[in-house]
Each structure stands twice: as structure tokens, then as C-alpha cells.
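**Student:** Residue numbers (this note's numbering): 59 to 341.
Positions of the beta carbon are idealized from the N, C-alpha and C atoms, including for glycine.
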């Protein structure tokens with residue numbers, strides 16, 4: 059691979075690309091190799107991260123850092139497995155990742171936050187580096203930090219809650235998911251935006267990226283889009299934005315859902331690909 063290019067390999071996702079001993083799980087993780095540096099983006103649930111990296115000949119002991127998109131179990135539960143291979147693991151993330159988080163709907167409620175405490179992860183050698191604003195973490199490589207919600211069609215997920223203590227009582231509130239961050243790599247072909255779940259709204263994220271890198275076109279978007287939970291209006295207006303931004307490739311995965319992945323393919327045709335475990339792209 060040319061030193062100036064970017065390679066992305068999907069290590070964790072809901073489905074797999076072929077019958078080669080790979081493991082699918084509800085989660086997301088991708089390995090980025092760019093200009094001699096290696097970044098792991100998310101870790102999935104920890105069920106497939108080690109097996110899949112070995113099957114795909116990716117050595118996690120050589121990563122430079124882990125970037126964590128947000129504090130949900132399906133993106134962060136594999137941290138101990140990665141830390142067992144990479145000593146003194148640097149983790150770039152938002153400080154809200156350790157909030158107590160729940161999914162609640164129709165009387166059912168379950169915990170969906172980080173399953174490992176900060177103290178435990180630090181005891182394994184993890185070193186947390188918190189970012190709340192758009193930041194360059196390596197030359198030409200950025201994290202979005204908190205994404206302003208500027209659209210009127212990308213509402214927060216009403217079923218996601220945080221549990222906080224007020225006046226000695228635990229109460230549930232709408233989770234603002236301020237920690238939802240994405241990773242951006244500047245390449246000769248344009249910007250590549252790697253999403254976690256796009257809880258901030260895909261179009262909000264694209265506007266945020268453009269506001270900080272106004273002279274750069276966005277070439278590729280890959281990752282979870284959260285469009286699996288979108289209304290028809292949100293989906294259609296997201297398609298319009300993808301076209302307006304001139305995005306050449308969209309690799310949807312994880313929380314996009316099968317139905318809306320199919321709808322994306324019907325609209326984008328050759329510009330679309332499904333980013334499942336084992337998929338590898340070069341830009």
C-alpha cells in the first residue's frame with residue numbers, strides 16, 4: 059500500500075464478508091492504516107475483535123491508539139482484549155463515555171453503557187485522552203469532538219437514557235450523546251469520515267466536518283449511520299445531503315439496518331458498499 063494512501067479493514071460488525079472463520083456480532087470496529095500509523099476505531103463487544111484481527115492478519119499489538127466513538131457496550135466492550143495485546147493503550151475519546159446509559163421502550167429497560175469501569179481499564183494500562191472539540195490527533199487525522207445539532211430532522215433517539223443522581227435519587231433523562239464522535243482522515247482523494255453510530259446525525263456530522271475543513275471535499279463515509287431508526291423524512295433528506303456533499307462512496311454498517319441499507323444501495327448504486335467484517339478498502 060502506498061504510504062500516502064489509507065487502508066480501512068472492518069474487524070467487527072453485525073455480518074461477515076465470507077466463510078473464513080470470521081465472527082459477526084452486534085457492534086463495530088475498524089482498523090485504519092495511514093501514512094505509517096495504525097489506529098483502531100472502536101472494539102465491538104469483544105466477541106470477535108481478537109479472532110477477526112488474527113484471521114485478517116492485523117496485529118493489534120502494533121496499533122498507535124484506540125479511538126472510541128462513544129460509550130456504548132457494542133463499541134467499547136472489547137477494550138480489555140485489545141489492552142491485553144497493546145501495552146499502555148492510548149484511548150482518544152470524550153469524557154462522557156462513562157455515563158450510566160440505558161435503552162428503554164414499552165416498559166423494557168436494559169443497560170447499554172460501558173461495561174468496564176474506568177478504574178479497571180486504567181489498571182490494565184489504558185491511558186485516556188479526552189477531547190470535546192474538533193481536534194487533530196495526528197497529522198491529517200482528526201476527531202470531531204462534540205457535534206452541534208443543527209438540522210431539524212435528526213432528533214435524538216427517544217429510547218436512549220442516562221441515569222443521573224439528583225437530590226439523592228436516581229433519575230432517567232434523555233441521553234444527549236454528546237460523546238458521539240467520528241474520525242476524519244485527510245487523503246489525496248479527499249476526506250474520509252469514519253462513523254461510530256452517528257448518534258449526532260449523519261448530516262450534522264458532515265456539516266461539522268465541513269465547517270472545520272471547508273476547503274476539503276468528503277470522499278468516503280464509512281460506519282454506522284443510525285438510519286435504521288430514521289423516519290422517512292430523515293432518510294430522504296439524508297440522501298439529499300449525501301448527494302449535495304458529492305460523497306463518492308458510502309460504506310454503511312451496523313445500526314443502518316438491512317432495510318435502509320438496501321434503500322441506500324438503490325439510491326447510491328455503485329457508490330454504496332456494505333462495510334461488514336472482512337471488508338477492506340484503500341483510498
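Could you give the residue range of the alpha helix (DSSP H) that holds residue 166?
**Tutor:** Note, residue 166: premise wrong, no alpha helix (DSSP H); beta strand (DSSP E) at 166–169.
**Student:** Considering only C-alpha positions, which residue in the set 268, 183, 176, 282 is nearest to residue 334?
**Tutor:** Of 268, 183, 176, 282, the residue nearest in Cα terms is 282.
**Student:** Pick helix, strand or coil for residue 232, following the three-state DSSP scheme.
**Tutor:** It is a strand residue.
**Student:** Reducing DSSP to helix, strand and coil, say where residue 206 ends up.
**Tutor:** If DSSP states are grouped into helix, strand and coil, residue 206 belongs with coil.
**Student:** Rounded C-beta distance between residue 184 and residue 141? I'm assuming under 8 Å.
**Tutor:** Sure, about 6 Å apart at Cβ, within 8 Å.
**Student:** Figure out for me which residue from 163, 96, 222 has the closest Cα to the Cα of residue 124.
**Tutor:** Measuring from the Cα of residue 124, the nearest candidate turns out to be 96.
**Student:** On the criterion of 16 or more Cβ atoms from any shown chain inside 10 Å, does residue 316 qualify as buried, or is it exposed?
**Tutor:** Exposed, by the Cβ-count rule.
**Student:** Is DSSP giving residue 192 helix, strand or coil here?
**Tutor:** Correct three-state label for residue 192: coil.
**Student:** Going by Cα to Cα distance, which pick from 105, 138, 99 is closest to residue 128?
**Tutor:** When each option's Cα is compared against that of residue 128, the closest is 99.
**Student:** Have a look at 80, 77, 87, 66 and flag the residue whose alpha-carbon is nearest the alpha-carbon of residue 313.
**Tutor:** Taking only the C-alpha atoms, the option nearest residue 313 is 87.
**Student:** Which same chain residues, not among the five before or five after residue 189, have their C-beta less than 8 Å away from its C-beta?
**Tutor:** So the qualifying residues of the chain are 150, 151, 152, 195, 201, 203, 239.
**Student:** Take the Cβ of residue 212 as the centre, count every other Cβ of all protein chains shown within 10 Å, and call the residue buried at 16 or more, exposed below.
**Tutor:** It is buried - the Cβ of residue 212 has at least 16 other Cβ atoms within 10 Å.
**Student:** Give the single residue among 294, 126, 71 whose Cα lies nearest to the Cα of residue 156.
**Tutor:** Residue 156 has its Cα closest to that of 126, out of 294, 126, 71.
**Student:** Identify which residue in 120, 69, 73 has its Cα closest to the Cα of residue 107.
**Tutor:** Out of 120, 69, 73, 69 has the C-alpha closest to the C-alpha of residue 107.
**Student:** Quick one: what's got a C-beta closer than 7 Å to residue 287's C-beta in the same chain, skipping five residues either side?
**Tutor:** Same-chain partners within the cutoff: 215.
**Student:** Starting from residue 132, trace the alpha helix (DSSP H) in both directions and tell me its first and last residue.
**Tutor:** Segment 131–134, the alpha helix (DSSP H) holding residue 132.
**Student:** From this set, 219, 132, 144, 72, which residue's C-alpha is nearest residue 116's C-alpha?
**Tutor:** It is 144.
**Student:** According to DSSP, is residue 286 helix, strand or coil?
**Tutor:** Note: residue 286 maps to helix in three-state DSSP.
**Student:** Classify residue 320: buried if its beta carbon has 16 or more other beta carbons within 10 angstroms, exposed otherwise.
**Tutor:** Label assigned to residue 320: exposed.
**Student:** For residue 210, does the count of other Cβ atoms within 10 angstroms reach 16, so buried, or fall short, so exposed?
**Tutor:** That one is exposed.
**Student:** For residue 342, which residues does DSSP report across the bridge?
**Tutor:** Missing from the structure shown is residue 342; the chain here goes from 59 to 341 and no further.
**Student:** Relative to the C-alpha of residue 105, which candidate in 83, 160, 304 has its C-alpha closest?
**Tutor:** Of the candidates 83, 160, 304, the one whose C-alpha sits nearest the C-alpha of residue 105 is 83.
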